[in-house]
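Residue numbers (our numbering): 22 to 432.
This is how it looks when you write it as structure tokens:
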């Protein structure tokens with residue numbers, strides 16, 4: 022034919038093989054790069070969110086201690102109330118110690134190197150506050166039990182509290198709030214860095230795809246196949262990016278949307294919609310974790326999440342806001358408080374029902390706070406969540422005392 026057997030209508034088999042090999046190598050390199058970025062970002066985001074959760078719990082405990090301490094001061098002549106509040110305060114500090122140990126187990130330097138130092142400073146101030154408050158409450162309890170209180174007891178105790186405890190309380194509270202703000206900011210910054218890494222990966226993918234497409238387009242009949250392959254690989258890259266974003270807004274254990282999704286959805290609803298939100302938590306979940314181990318507790322939460330989605334997924338948006346708390350945002354407006362509490366009690370009954378986990382049966386008490394929100398309230402997401410968290414704390418306290426489910430309205 023007067024034509025090189027290796028070249029037919031512009032198609033060079035040797036060149037095609039070389040370009041194919043090059044393209045395969047680049048594709049494998051792309052897959053490796055995406056996989057590494059996905060794993061590093063996924064684990065990093067999980068640890069950052071976990072660290073933020075621990076700090077939030079410690080900050081919440083400090084707030085609860087402050088509130089209960091003031092209650093002791095206001096009822097310094099009531100020995101039973103003082104003893105009850107003192108016991109609760111001690112449990113809060115025990116919870117802080119547990120959360121602190123979990124927090125320090127996280128590789129904080131991978132998130133921000135300032136976190137560990139700031140946490141140690143805040144922990145030291147909380148410890149000083151704890152020591153002073155413990156001695157102060159012991160004295161109040163002793164006086165109350167000895168009936169040495171008189172008409173001026175509350176004023177005297179309040180004066181002593183203001184002088185000896187208030188400065189330590191303020192110092193501890195400010196330190197923990199500053200730590201929470203720093204942790205929240207570093208978590209957001211870490212997410213931004215992860216997003217930037219994925220943008221770099223996408224840019225790298227685009228460059229390598231372009232090189233492959235240009236080479237393959239030189240082989241006439243294979244140009245279309247090369248273009249289709251490039252489109253397919255590009256779609257895979259976009260899918261990987263979407264999965265990474267989904268991970269940032271999804272609780273890995275339960276598969277439900279997390280606190281970040283809740284804040285985003287709440288923000289969209291606050292200005293224009295009337296809705297009811299309910300926060301559910303297991304009052305004695307830590308006992309399950311301690312008695313049967315984390316794997317059993319995780320399986321329990323996973324099963325609970327599946328039940329919630331199956332039973333209530335059509336009537337409410339369900340979020341996993343913390344390790345053992347779920348937030349419901351009901352899609353349909355509740356017509357009355359009675360109807361609201363009826364539905365919520367139904368959810369609590371399902372959550373507190375016995376569940377088989379392997380060879381053991383798990384049954385926990387459930388606490389719940391709910392809020393019926395109207396746009397004219399002009400309330401921010403943070404304020405709304407603080408109201409619900411405070412109501413939840415009261416519900417958990419009542420649930421612990423009565424060993425039964427408890428529902429508290431945040432309105």
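Ideal Cβ positions, reconstructed from N, Cα and C, are used throughout, including at glycine. Here the structure is a predicted model, which is why all the values come from computation and not from measurement.
| request: Please confirm if the segment 329-347 is in contact with the segment 294-312, defined as three or more CB-CB distances below 8 Å between the two stretches. | output: yes
| query | So what's residue 53 in DSSP terms, helix, strand or just coil? | reply | Position 32 of the chain shown, counted from the first residue, corresponds to residue 53. Reduced to three states, the DSSP call for residue 53 is helix.
| How many angstroms separate the CA atom of residue 379 from the CA atom of residue 203? | Here residue 379 is taken as the residue at index 358 of the chain shown, counted from 1. Here residue 203 is taken as the residue at index 182 of the chain shown, counted from 1. Taking the straight line joining both Cα atoms gives about 41 Å.
| task | To the nearest angstrom, report how far apart residue 50 and residue 222 are at their CA atoms. | result | Here residue 50 refers to the residue found at position 29 when the chain shown is read from its first residue. Here residue 222 refers to the residue found at position 201 when the chain shown is read from its first residue. Going from the Cα of residue 50 to the Cα of residue 222 covers about 11 Å.
| Does DSSP put residue 401 in a helix, a strand or coil? | Position 380 of the chain shown, counting from 1, holds the residue named residue 401. Residue 401: coil per DSSP, three-state reduction.
| DSSP puts residue 301 in a beta bridge; with which residues? | By 1-based counting over the chain shown, the position of residue 301 is 280. According to DSSP, residue 301 bridges with 347, 389.
| query | residue 425: buried (16+ other C-beta within 10 angstroms of its C-beta) or exposed? | reply | Taking the first residue of the chain shown as position 1, residue 425 is located at position 404. Flag for residue 425 reads exposed.
| field | Distance between residue 176 and residue 304 (C-alpha atoms, nearest Å) | value | Position 283 of the chain shown, counted from the start, is the residue given in the question as residue 304. Position 155 of the chain shown, counted from the start, is the residue given in the question as residue 176. Each residue's Cα considered, the two are about 35 Å apart.
| field | Neighbour-count burial assignment, residue 149, 16 or more Cβ in a 10 Å radius | value | Indexing the chain shown from 1 puts residue 149 at position 128. Exposed, because fewer than 16 other Cβ atoms sit within 10 Å of the Cβ of residue 149.
| request: For residue 420, I'd like the list of residues in its chain whose CB is within less than 6 Å of its CB, leaving aside the five on either flank, ordered along the chain. | output: The residue given as residue 420 occupies position 399 in the chain shown. Counting only Cβ-Cβ distances below 6 Å, and skipping sequence neighbours, we find 304, 386, 388, 427.
| said: Pull the bridge partners of residue 429 from the DSSP assignment, please. | reply: If you number the chain shown from 1, residue 429 lands on position 408. In DSSP, residue 429 forms a bridge with 390.
| query | Taking just the CA atoms, how far does residue 109 sit from residue 414? | reply | Within the chain shown, residue 414 is the residue found at index 393, counting from 1. Within the chain shown, residue 109 is the residue found at index 88, counting from 1. Computed Cα separation, rounded: 11 Å.
| Between residue 103 and residue 165, which are expected to be in contact by the criterion C-beta below 8 Å, what is the C-beta distance as a whole number of angstroms? | Translated into the one-based positions of the chain shown, residue 103 becomes position 82. Translated into the one-based positions of the chain shown, residue 165 becomes position 144. Contact flag correct, Cβ pair sits at about 5 Å.
| request: Compute the distance between the beta-carbons of residue 200 and residue 76, then report whether it is under 9 Å. | output: Position 179 of the chain shown holds residue 200. Position 55 of the chain shown holds residue 76. Contact flag set, yes.
| field | Whole-angstrom distance between residue 144 and residue 408, CA atom to CA atom | value | As a first step, residue 408 is located in the chain shown; it is residue number 387 there, counting from the start. As a first step, residue 144 is located in the chain shown; it is residue number 123 there, counting from the start. Distance between the alpha carbons of residue 408 and residue 144 is about 26 Å.
| Just to check, is the beta-carbon of residue 100 closer than 8 Å to a non-hydrogen atom of the ligand ATP? | For the structure depicted, the ligand ATP is absent and the ligand set is empty, with no information on it obtainable.
| So does the segment 127-139 actually touch the segment 213-232, counting three or more Cβ pairs closer than 8 Å? | no
| Tell me the DSSP bridge mates of residue 376? | Translated into the one-based positions of the chain shown, residue 376 becomes position 355. Its beta-bridge partners are 383.
| request: Mark residue 191 as exposed unless 16 or more other C-beta atoms lie within 10 angstroms of its C-beta, in which case mark it buried. | output: As a first step, residue 191 is located in the chain shown; it is residue number 170 there, counting from the start. So residue 191 ends up on the exposed side.
| query | So is residue 288 buried or exposed if we call it buried at 16+ other beta carbons inside 10 Å? | reply | Looking up residue 288 in the chain shown gives position 267. That one is exposed.
| Close Cβ partners of residue 339 (< 7 Å) along its chain, the five nearest in sequence each way excluded | Numbered from its first residue, the chain shown carries residue 339 at position 318. If we look at residue 339 and ignore the five residues flanking it on each side, its Cβ neighbours are 277, 329, 330, 333, 347, 349.
| request: From the DSSP output, in three-state form, read off residue 341 for me. | output: As a working mapping, residue 341 is identified with position 320 in the chain shown. Strand at residue 341.
| Closest residue to residue 179 among 118, 91, 151 (Cα-Cα distance) | On the chain shown, residue 179 is found 158 positions in, with the first residue counted as 1. When each option's Cα is compared against that of residue 179, the closest is 91.
| Can you give the beta carbon distance from residue 193 to residue 83, rounded, assuming they're within the 8 Å contact cut? | The sequence position of residue 193 within the chain shown is 172, counting from 1. The sequence position of residue 83 within the chain shown is 62, counting from 1. Sure, about 6 Å apart at Cβ, within 8 Å.
| request: Measure the beta-carbon distance from residue 369 to residue 321 and round it to whole angstroms, keeping in mind my assumption that it falls under 8 Å. | output: Within the chain shown, numbered from 1, the residue matching residue 369 stands at position 348. Within the chain shown, numbered from 1, the residue matching residue 321 stands at position 300. Actually they do not touch by this definition, with Cβ atoms about 16 Å apart.
| Who does residue 114 pair with in a DSSP beta bridge? | Locating residue 114 in the chain shown gives position 93, where the first residue counts as 1. The partner list for residue 114 (beta bridge, DSSP) is empty, contrary to what the question assumes.
| request: Just the C-alpha distance for residue 294 and residue 392, rounded to the nearest angstrom, thanks. | output: If you number the chain shown from 1, residue 294 lands on position 273. If you number the chain shown from 1, residue 392 lands on position 371. So the two alpha carbons sit approximately 13 Å from each other.
| said: According to DSSP, residue 296 sits in a beta bridge with which residue or residues? | reply: Looking up residue 296 in the chain shown gives position 275. In the DSSP output, where bridge partners are listed per residue, residue 296 has 394.
| said: Which residue marks the beginning of the alpha helix (DSSP H) containing residue 159, and which one marks its end? | reply: Indexing the chain shown from 1 puts residue 159 at position 138. Residue 159 -> alpha helix (DSSP H) spans 135-166.
| task | Please check the pair residue 184 and residue 157, which I expect to be a contact at CB under 8 Å, by giving their CB distance rounded to whole angstroms. | result | The count along the chain shown starts at 1 and reaches residue 184 at position 163. The count along the chain shown starts at 1 and reaches residue 157 at position 136. So it is not a contact: roughly 11 Å between Cβ atoms.
| field | Exposure label - residue 79; buried when at least 16 CB within 10 Å | value | If you number the chain shown from 1, residue 79 lands on position 58. Buried, because 16 or more other Cβ atoms sit within 10 Å of the Cβ of residue 79.
| said: For residue 390, which residues in the same chain have their Cβ closer than 6 Å to its Cβ, ignoring the five residues on either side in sequence? | reply: Here the question's residue 390 lines up with position 369 in the chain shown. Excluding residues within five positions, the ones whose Cβ falls inside 6 Å are 300, 409, 412, 413, 416, 429, 431.
| Would DSSP call residue 244 helix, strand or coil? | As a first step, residue 244 must be located in the chain shown, where it is residue number 223. At residue 244 the pLDDT is 49, less than 50, meaning the model places this residue with poor confidence; the figure from the coordinates comes in the next sentence. Correct three-state label for residue 244: helix.
| residue 271 by DSSP, collapsed to three states: which one? | Residue 271 sits at position 250 when you count from the first residue of the chain shown. Looking at residue 271 - three-state DSSP - the assignment turns out to be strand.
| said: Can you find the residues in the same chain that come closer than 6 Å, C-beta to C-beta, to residue 96, ignoring five residues on each side of it along the sequence? | reply: Your numbering for residue 96 matches position 75 in the chain shown. Correct list, in chain order: 102.
| query | Per DSSP, residue 278 is paired with what? | reply | On the chain shown, residue 278 is found 257 positions in, with the first residue counted as 1. Partner(s): 271, 340.
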